[in-house]
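Visitor: Provided herewith is a single structure, encoded as structure tokens, for subsequent inquiry.
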Ligand code: CMP
């Protein structure tokens, strides 16, 4: 078993889609191992997305991610990073495959409902960003 860091983003939380997304992911075989709801401040959102700092969409992304509560969580499954990325679909919901989370629940390339780690190394970093050592025990 391995794990990935997922975030239900402010667009999906404010639209009341968090429960449906969570149910969808559990049906796809992911087990929730840690979860919280929080509102990111600007410094936190900038740090989380630091790799995108030079991108033209960075300021807008940070504004969006701080616009309301998010739900970060640790999801476990076999080959979790790859399987989660398959389950959520392409970054742009217009290009996401039928039945994926972004196809079903996302609004736009920025307001795309969920985040998922893109590698095991980033999953470790991102889980450590949101969850304390005590919360990570046993993962
Ligand atoms: P995520 O998987 O969280 O990683 C970076 C985020 O930046 C991405 O989802 C989108 O929310 C956002 N993003 C990526 N590409 C673009 C783009 N071309 N325009 C606007 N936002 C983008």
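Residue numbers (the working numbering): 12 to 150. All residues carry an ideal CB built from backbone N, CA and C; glycine is no exception. Here the structure is a predicted model, which is why all the values come from computation and not from measurement.
Assuming residue 103 contacts residue 120 under a Cβ cut-off of 8 Å, what Cβ separation, rounded to an integer in Å, is found between them?
Guide: The Cβ separation is near 4 Å, so the contact holds.
Visitor: Specify the secondary structure class of residue 82 as computed by DSSP and reduced to three states.
Guide: DSSP places residue 82 in strand when its eight states are reduced to three.
Visitor: Confirm, please, whether the CB-CB distance from residue 99 to residue 113 is below 8 Å.
Guide: Closer than 8 Å, so yes.
Visitor: Please name the residue, chosen from 26, 146, 92 and 53, that lies closest to residue 126 on a Cα-to-Cα basis.
Guide: It is 92 whose Cα lies nearest to the Cα of residue 126.
Visitor: Under 7 Å: does the beta carbon of residue 68 sit that close to some heavy atom of the ligand CMP?
Guide: Answer for residue 68: yes, Cβ within range of the ligand CMP.
Visitor: Using the Cα positions of residue 17 and residue 141, report the straight-line distance between them to the nearest angstrom.
Guide: Between residue 17 and residue 141, the C-alpha separation is close to 10 Å.
Visitor: Hey, quick one: how far does the alpha helix (DSSP H) through residue 120 stretch, first residue to last?
Guide: Element bounds for residue 120: n/a, residue is neither H nor E.
Visitor: Do residue 86 and residue 42 come within 8 Å of each other at the CB atom, strictly closer than that value?
Guide: Yes.
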